[in-house]
Amino acid sequence: MSENDTELQDPIEPDGSGDEGLSRRRLVLGGLAAVATVAVSTASLARGSTAAAAQIQSKGVIVSDPSLCVGCLACEVNCSTWHASVGRSSEPRIRIVSDPSVKLAPKVAAYLPGRAGNSPQTCKQCPTAWCQPNCPTTGLSVDASTGVRYINEQDCIACGKCEVDCPVEWNGTLVRKGQKIDSKRVSYDPVLNVYNKCDLCRGREGGPICVERCPVNVAVRAGYIQSDHLALDVKPSTEEQWKRLV
Amino acid sequence: MKKYEHTSPTSVQDAVKLLSAQNARACAGGTDLIGIMKEGLLPTDRLVDLKTIKGLDYIKEDGGELKIGALTKLSTIAASDVVNTKAPALAEAAARVASPQIRNMGTLGGNMAQKVRCWYFREFERADCYKRNGNYCYAILGLSDLHAIFDGAACFAVQPSDTSTALSALGATVVINGKDGERNVAIDDFYIGPDVDYLRETVLAQDDIITEVRIPASALGRPSVFIKAAPRKTIDFARASVAVLIDANPVGSIRLTLGAVAPTPHRAKDAEDFLKGKSLSADNIAQAATLAVKNAKPLATNGYKVDLVQGLVRQALTRLAS
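Protein chains in written order, with the numbering used here: chain A, 130 to 375; chain B, 454 to 775.
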């Protein structure tokens, strides 16, 4: 990771994570034993402070109805664009996976009969944040107020433990240019050398951008498509919701 | 039309410097840019007129490659003996652009770098179109006759350049000059889709200029063809086009590119792979045409492009077989 690390502007942690502008991640990567010891100790303390938060359930989780999805990739593109605009990884945190078994709901098929077979997928904001406890830094954190499990990229050392611990596979063929995906819902960004996951657009006024900008959602809200629910939505993350999602 | 500063550089280096200013735009023939500026679709404070740079309009064979200066007029390319002989697909593509008047003004570089023709982008009221830094694509649930059947991502506008389709099939290299000097970009990497950046169609930065296009020796003198389908025979943009380059029949190597059906020139790789090692028989041509649209996902009103592309591929390969 380059020196540019410290220049990333994040609306939540504009100067890292409160270490007076000195990123814990940079210290660990620096390779100086003494400095690293201080850093890890600091990280352990911080981890302890978020351990209780780890038990907090997320107040929200992105849910999708594949039968309303036309595979336009507006969710992926807007996810990338917004996260990049606030200095975070531009890898999409939501992906549309091809699923030939998915049929379009008649109200959408009437518009776009040739665009079935899409399954939007993202982090399920598990009731227990399995991805968090083994993180050696505060790279993977739980927001104390919203319960959102998110990656603090300034502190991520790309060790990959969160991906190993994530219980949800992410396999298949993406609608985006037929690329293959073989990952977990926490995934690696080789460009920035950090992991990322859905953070429900933490810090964004208006909530998750994928939900706001999905064109089917726009049509449903405007009444052009009659539906009692959206293609992509944010629902309370309860045990019952999670069981339905997995 | 909003007032702007008109500048006349005499060298590529001067032009690059002038283009570093806010809202500076490079202008070659101006046949696309001036219209966009009049419509207020592209904020322009400074226009850098590339026509005052000498020595960027040429067609020459050099080191086995065919080199074409970026300021070469489309009409010159269409009439060029060497292009017609060595890279006929490019000559045919240049000849099918717009009208004689526009081909006399329009340049190769400008044709390659033109903005999209999406009717929502070009309609002033649609200020929330992605291409105008908005957050919505009207084509997805609206009228999509002009739009992409491959690789749409949030925005579904297609690459309208005829020469880009031919240059993709010919495996060209684009020479770009920018603030860090000269660099060569393969044509397959020159165009970028909306999944990478929906505000741009190419890798060109604001202060980059195309200076030359090179067609490799491996493509020169080989059979190639370009066919375009548009509602009008002239002064119209392609609804679909195809360009094909083969080495021989039976086919050893092939590049088959579809135009105006995706945000970038779209290589039909399934069809290419199928034809390698095969003769251009009627059966093989029919199968290749089917494979060319294997992954097409049409929107509401552009399903006709799936059939159109298959017909164009059959026509192009049949011409190469005879």
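C-beta atoms are modelled at their ideal positions from N, C-alpha and C, and glycine is treated no differently.
Being a predicted model, the structure only gives us computed values, none of them experimental.
9 Å Cβ cutoff met for residue i and residue j
i: residue 310(A); j: residue 222(A); result: no
i: residue 231(A); j: residue 270(A); result: no
i: residue 382(A); j: residue 337(A); result: In the structure displayed, chain A extends from 130 to 375; residue 382(A) sits before or after that span and is not available.
i: residue 294(A); j: residue 267(A); result: no
i: residue 340(A); j: residue 362(A); result: yes
i: residue 527(B); j: residue 677(B); result: no
i: residue 355(A); j: residue 349(A); result: yes
i: residue 504(B); j: residue 481(B); result: yes
i: residue 709(B); j: residue 514(B); result: no
i: residue 193(A); j: residue 248(A); result: yes
i: residue 721(B); j: residue 623(B); result: no
i: residue 632(B); j: residue 660(B); result: yes
i: residue 506(B); j: residue 512(B); result: no
i: residue 751(B); j: residue 305(A); result: no
i: residue 707(B); j: residue 729(B); result: yes
i: residue 762(B); j: residue 741(B); result: no
i: residue 459(B); j: residue 502(B); result: yes
i: residue 472(B); j: residue 486(B); result: no
i: residue 342(A); j: residue 275(A); result: no
i: residue 675(B); j: residue 700(B); result: yes
i: residue 323(A); j: residue 313(A); result: no
Among the options, the one whose alpha carbon lies nearest that of residue i
i: residue 754(B); options: 746(B), 600(B), 685(B), 656(B); result: 600(B)
i: residue 234(A); options: 371(A), 272(A), 360(A); result: 360(A)
i: residue 568(B); options: 711(B), 683(B), 552(B), 654(B); result: 654(B)
i: residue 604(B); options: 508(B), 772(B), 747(B); result: 747(B)
i: residue 745(B); options: 575(B), 693(B), 774(B), 676(B); result: 693(B)
i: residue 758(B); options: 768(B), 712(B), 739(B); result: 712(B)
i: residue 663(B); options: 461(B), 484(B), 489(B), 523(B); result: 523(B)
i: residue 290(A); options: 299(A), 308(A), 260(A), 353(A); result: 260(A)
i: residue 333(A); options: 203(A), 199(A), 216(A); result: 216(A)
i: residue 690(B); options: 520(B), 550(B), 498(B), 478(B); result: 550(B)
i: residue 198(A); options: 214(A), 326(A), 246(A), 286(A); result: 246(A)
i: residue 705(B); options: 688(B), 500(B), 725(B); result: 725(B)
i: residue 320(A); options: 373(A), 370(A), 218(A), 352(A); result: 218(A)
i: residue 571(B); options: 483(B), 553(B), 590(B); result: 590(B)
i: residue 353(A); options: 239(A), 322(A), 297(A); result: 239(A)
i: residue 611(B); options: 581(B), 620(B), 598(B); result: 598(B)
So if I threshold CB-CB distances at 7 Å, which residues from the segment 221-254 of chain A count as touching chain B? 240, 241, 243, 244
Touch check for the segment 197-209 of chain A and the segment 454-463 of chain B: three-plus C-beta pairs under 8 Å? The segment 197-209 of chain A is not in contact with the segment 454-463 of chain B.
Kindly confirm or deny that the segment 630-637 of chain B and the segment 721-739 of chain B touch, where touching means at least three C-beta pairs closer than 8 Å. no
For a minimum of 3 consecutive residues, which ranges assigned as the beta strand (DSSP E) are wholly contained in the segment 701-755 of chain B? 707-712
What residues in the segment 338-364 of chain A bring their beta carbon closer than 9 Å to a beta carbon of chain B? 338, 341, 342, 344, 345, 347, 348, 353, 354
Along the chain, which unbroken stretches of the alpha helix (DSSP H) at least 4 residues long are found entirely within the segment 521-551 of chain B? 527-532, 534-539, 541-548
Restricting to runs no shorter than 3 residues, where is the beta strand (DSSP E) found entirely within the segment 475-508 of chain B? 477-480, 499-502
Does the structure place the segment 545-552 of chain B close enough to the segment 518-533 of chain B that three or more beta carbon pairs sit under 8 Å? yes
Pair every Cβ in the segment 611-628 of chain B with every Cβ in the segment 351-371 of chain A, then say whether three or more of these pairs are closer than 8 Å. no
Pull out every residue of the segment 273-301 of chain A whose Cβ sits closer than 9 Å to any Cβ of chain B, in chain order. none
Is it a yes or a no for the segment 642-657 of chain B touching the segment 711-719 of chain B, going by three-plus beta-carbon pairs under 8 Å? Remark: three or more beta-carbon pairs, one from each stretch, lie closer than 8 Å, so the segment 642-657 of chain B and the segment 711-719 of chain B are flagged as touching.
Contact between the segment 188-195 of chain A and the segment 249-257 of chain A: three or more CB pairs below 8 Å? yes
Interface residues of the segment 183-215 of chain A facing chain B [CB-CB below 9 Å]: Near chain B, meaning a CB-to-CB distance below 9 Å, the residues of the segment 183-215 of chain A are 199, 200, 201, 202, 203, 204, 205, 206, 207, 209, 210.
Below 9 Å between beta carbons is the criterion; list the residues of the segment 749-760 of chain B that meet it against any residue of chain A, in chain order. 749, 750, 751, 752, 753, 756, 759
Near-chain A residues of the segment 645-662 of chain B - C-beta to any C-beta below 7 Å: 647, 648, 651
Quick check for students: name the residue ranges of the beta strand (DSSP E) that lie wholly in the segment 289-352 of chain A, counting only runs of 3 or more. 298-302, 309-313, 316-318, 323-325
Taking Cβ-Cβ distances below 7 Å as the criterion, which residues of the segment 603-621 of chain B are in contact with chain A? 604, 605, 606, 607
Segment contact, 8 Å Cβ cut-off, at least three pairs: the segment 556-564 of chain B with the segment 604-617 of chain B: Three or more Cβ pairs closer than 8 Å define a contact, and the segment 556-564 of chain B meets that threshold against the segment 604-617 of chain B.
Let me know the beta strand (DSSP E) ranges lying completely inside the segment 239-279 of chain A, each 3 residues or longer, listed in chain order. 247-250, 269-271
Determine contact between the segment 553-560 of chain B and the segment 571-585 of chain B, defined as no fewer than three beta-carbon pairs at a distance below 8 Å. no
My parser needs the beta strand (DSSP E) runs of 3 or more residues fully inside the segment 174-235 of chain A; what are they? 190-193, 224-227
Between the segment 298-323 of chain A and chain B, which residues of the former have CB atoms less than 7 Å from a CB of the latter, in chain order? 305, 306, 307
Starting from the N-terminal side, write out each stretch of the beta strand (DSSP E) that is 3 residues or longer and does not extend beyond the segment 606-683 of chain B. 626-631, 634-639, 662-668, 677-682
Taking Cβ-Cβ distances below 9 Å as the criterion, which residues of the segment 474-488 of chain B are in contact with chain A? none
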